[in-house]
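In numbering that gives the first Met the number 0, the protein residues as written are 0 to 89.
Note that the Cβ used here is the ideal one computed from N, Cα and C, for glycine as well.
Since the structure is predicted, the reported quantities are computational estimates derived from the model, not experimental observations.
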Amino acid sequence: MALTKPDLPAKNLVSLFTSLDNLMDSWGYTVIGETWEQVNYNPQIHQADSDDIQEGELVYIRFIGYQNCDKILYPAKVSRTLPAGFDHNN
Numbered sequence: 000m001a002l003t004k005p006d007l008p009a010k011n012l013v014s015l016f017t018s019l020d021n022l023m024d025s026w027g028y029t030v031i032g033e034t035w036e037q038v039n040y041n042p043q044i045h046q047a048d049s050d051d052i053q054e055g056e057l058v059y060i061r062f063i064g065y066q067n068c069d070k071i072l073y074p075a076k077v078s079r080t081l082p083a084g085f086d087h088n089n
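Have a look at this one:
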């Protein structure tokens, strides 16, 4: 979207995603993790970016997921590493 509409203020995108989060919440869906959160890999709720990641291994959430009780709408996508140049402390 930024490429096709470079003048679009980022704050408009934030409000769009906030509205989406509120809608998902009103439907009873909860977020699986937070972006860049370090968690133990659980194949029931996470989608690994590598086939050799083992259950319980420490991974980072790259994209959040959504669930409703025991039903997974979208698993959180996880990776062993953070993106190159990413500073987790900032």
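For Ile60, the closest C-alpha among the options Pro82, Cys68, Leu22 is that of Pro82. Gly64 has its alpha-carbon roughly 9 Å from the corresponding atom of Glu33. Measuring C-alpha to C-alpha distances from Asp51 to each of Val77, Thr29, Trp26, Thr17 identifies Val77 as the nearest. In the three-state DSSP reduction, Asn39 falls in the strand class (E or B).
With respect to the 8 Å criterion, Leu72 and Gln66 are classified as neighbours on the basis of their beta carbons.
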